[in-house]
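Asker: The structure follows.
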Amino acid sequence: MDFNTLDKVIPVLLRGTLVTIKLTFMAIIFGCIIALLVAILKVSANKFLNAVGGFYTWIFRGTPLLLQLYVFYYGLPALNINISATQAAILGLSLNSGAYIAEIIRGGIIAIDKGQFEASKALGFPEGPTNEEGYICLKLLEVINPPMGNEFIALIKDTSLVSVITMEELLRKAQLLVSSSGDAVTPYVITGVFYLVLTTVFTFLFSRIEKKLSLY
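With full-length UniProt numbering, letter number 132 in the sequence shown gets 132, and the count goes up by one each step, no holes.
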């Protein structure tokens, strides 16, 4: 591993890292929107709505993400629905993460029982819908923050799967470098370091958020 090799490898992998980060944030944003709607369905007293939410999570948690990506990228064009690799990647990652985040939110909602309202009064929160809702939202964020952090970290690593549909994110860039240079060590080692840096940084950020929420 010499400096000339690093000068060629690192810029390429940095571009792939930016794509990985972009995919992760887009998937988590769309996934959270989907998850909130699904979680509401799953805690609904309406059996039909509950079943719809349950069916969604059953499908996307019960099948591999890799298979879902294949279906969106290769299957949809067979139905005359043409989407790009980027669109297929965002769609697959968002729907998959949405199913897992929905369960996290649902669990958090269930964990916030009526006793939390009594706790809000004991802590000196003035009575009233706005204050109670604010306290409950803080408690919900505190409950779901650790599993949400885990899901975010898992999603960073799951983005590597989109390499199979020609998306040139971090891992795909490494594969292309290996093919062009014949060096099967340097690109993969540096890629591993990049993933470790990403997961370490975001793990630290979520731990800081958790500490802030626990103080409130």
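Ideal placement from N, C-alpha and C gives every residue a C-beta, glycine not left out. Quick caveat: nothing in here was measured; it's all calculated off a predicted structure.
Note the first and the last residue of the continuous alpha helix (DSSP H) segment covering Y56.
Answerer: K47 to G62
Asker: Taking 6 Å as the cut-off, is the CB of A89 close to at least one heavy atom of the ligand SAH?
Answerer: Among the components of this structure there are no ligands whatsoever, and the ligand SAH is therefore not found.
Asker: Kindly indicate which residue of P64, E103, K22 and L79 has the alpha-carbon position closest to the one of G53.
Answerer: E103
Asker: If we count the other Cβ atoms within 10 Å of its Cβ and call it buried at 16 or more, is Y74 buried or exposed?
Answerer: Counting Cβ neighbours within 10 Å, Y74 comes out exposed, since fewer than 16 surround it.
Asker: Please confirm whether E151 and I109 have their CB atoms less than 7 Å apart.
Answerer: no
Asker: Within 10 angstroms of the Cβ of K42, are there 16 or more other Cβ atoms? Answer buried if so, exposed if not.
Answerer: K42 is buried by the Cβ-count criterion.
Asker: Checking 7 Å against the spacing of the C-beta atoms, do V143 and A111 come in under that value?
Answerer: Yes, the pair counts as a contact, with Cβ atoms nearer than the cut-off.
Asker: Considering just the uninterrupted stretch of the alpha helix (DSSP H) at T159, what are its terminal residues?
Answerer: Here T159 belongs to no alpha helix (DSSP H), and DSSP marks it neither H nor E.
Asker: On the DSSP letters alone, give me the boundaries of the alpha helix (DSSP H) that G182 sits inside.
Answerer: Membership of G182 in any alpha helix (DSSP H) is not indicated, and neither H nor E is assigned to it by DSSP.
Asker: Any idea what DSSP makes of N80, helix, strand or coil?
Answerer: coil
Asker: Suppose the cutoff is 8 Å on Cβ atoms and the five residues either side in sequence are ignored; what does the same chain contact list for L76 look like?
Answerer: N82, I83 and A88
Asker: Start and end of the alpha helix (DSSP H) containing S97?
Answerer: A85 to A111
Asker: To the nearest angstrom, how far is it from the Cα of L176 to the Cα of T191?
Answerer: 12 Å
Asker: DSSP three-state call for V71: helix, strand or coil?
Answerer: In the structure shown, V71 sits in a helix (DSSP, three-state: H, G or I).
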